[in-house]
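Note that this note's numbering has the sequence shown beginning at 21, numbered continuously upward. From the three backbone atoms N, C-alpha and C, an ideal C-beta is built for every residue, glycine too. Note that the structure is predicted; figures quoted are calculated from it, not measured. These notes concern the structure reproduced below.
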Amino acid sequence: MHIYTLDSPQALGKAAALHATKRISDAIAGKGFANIILATGASQFEVLSDLTKSESIDWSVVTMFHLDEYIGLPSTHPASFRKYLQERFVSLVPPMRAVHFVQGDATDPAAECQRLGTLIRQHPIDVALIGIGENGHLAFNDPPADFETEEPYIVVNLDEACRKQQLGEGWFPDLAAVPQRAISMSIRQIMKSDCLIVSVPDERKAVAVTNALKGPLTNECPASVLRTHTNCHIFLDTFSASLL
Numbered sequence: 021m022h023i024y025t026l027d028s029p030q031a032l033g034k035a036a037a038l039h040a041t042k043r044i045s046d047a048i049a050g051k052g053f054a055n056i057i058l059a060t061g062a063s064q065f066e067v068l069s070d071l072t073k074s075e076s077i078d079w080s081v082v083t084m085f086h087l088d089e090y091i092g093l094p095s096t097h098p099a100s101f102r103k104y105l106q107e108r109f110v111s112l113v114p115p116m117r118a119v120h121f122v123q124g125d126a127t128d129p130a131a132e133c134q135r136l137g138t139l140i141r142q143h144p145i146d147v148a149l150i151g152i153g154e155n156g157h158l159a160f161n162d163p164p165a166d167f168e169t170e171e172p173y174i175v176v177n178l179d180e181a182c183r184k185q186q187l188g189e190g191w192f193p194d195l196a197a198v199p200q201r202a203i204s205m206s207i208r209q210i211m212k213s214d215c216l217i218v219s220v221p222d223e224r225k226a227v228a229v230t231n232a233l234k235g236p237l238t239n240e241c242p243a244s245v246l247r248t249h250t251n252c253h254i255f256l257d258t259f260s261a262s263l264l
């Protein structure tokens, strides 16, 4: 595991995006294409903004998978992660080889998990850009996270801390409006990625970062599993690293 501490969220975003650019380009150079995972949320603002400006990636040979999405939320909702990625990434880069969104408003969430699982099994992931939640979650795998399932995508219940984070970041008008369930990429599927680029700015993430990097390896802090990955790069700013 490699840890980098930058002076600001902006510097963090540039460093993480630069690292992602190299890793994606290396995959394309090696096999002619790349498969990536993109996350959403406030932690990814700067990263994705800088990644869209990369001129060295041939996006036409890149397939993108989406990390998670609320169940029951249409893609037009301001908090939809599909809307987020479409506006902040997909629409800003040249047409990609494929984009596989999580359809959170699918009539059968379990069937949607199966659809995505079939697709991602055919596309081993080269680079995953993810974050860590205030409660230590990875994707929407809140504590106690399922460390055992081999299913690539699963239906999960969102705990109150996770839902309060979404409210605090301004995505919803009140806590009652925050969905209680989501479709999430599983822990084991995330960990199958060849390279993990984890961006974690902001002081409100300091406790989660410390627990993930210094605390026990436990599903009560899902992000602690990152310590077992052989090619994990964690980008912090001085605020998120303040308790280390």
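For T25: DSSP bridge partner residues: L256
L264 versus T127: straight-line alpha-carbon distance, rounded: 44 angstroms
Supposed contact pair L105 and L58 - C-beta distance, whole angstroms, cut 8 angstroms: 6 angstroms
Of the listed residues G235, D27, S100, nearest to F121 (C-alpha basis): S100
Closest Cα partner of I91 within the set K51, L195, I203: I203
Runs of alpha helix (DSSP H) lying entirely within the stretch 204–241, each at least 4 residues, in chain order: 207–211, 226–234
The beta strand (DSSP E) enclosing L58, as first and last residue numbers: 54–58
Bridge-paired residues (DSSP) for F167: Partner(s): none; F167 has no beta bridge.
Reference S69; option with closest CA among A31, L93, H86, A47: Check the Cα spacing between S69 and each of A31, L93, H86, A47: the tightest is with A31.
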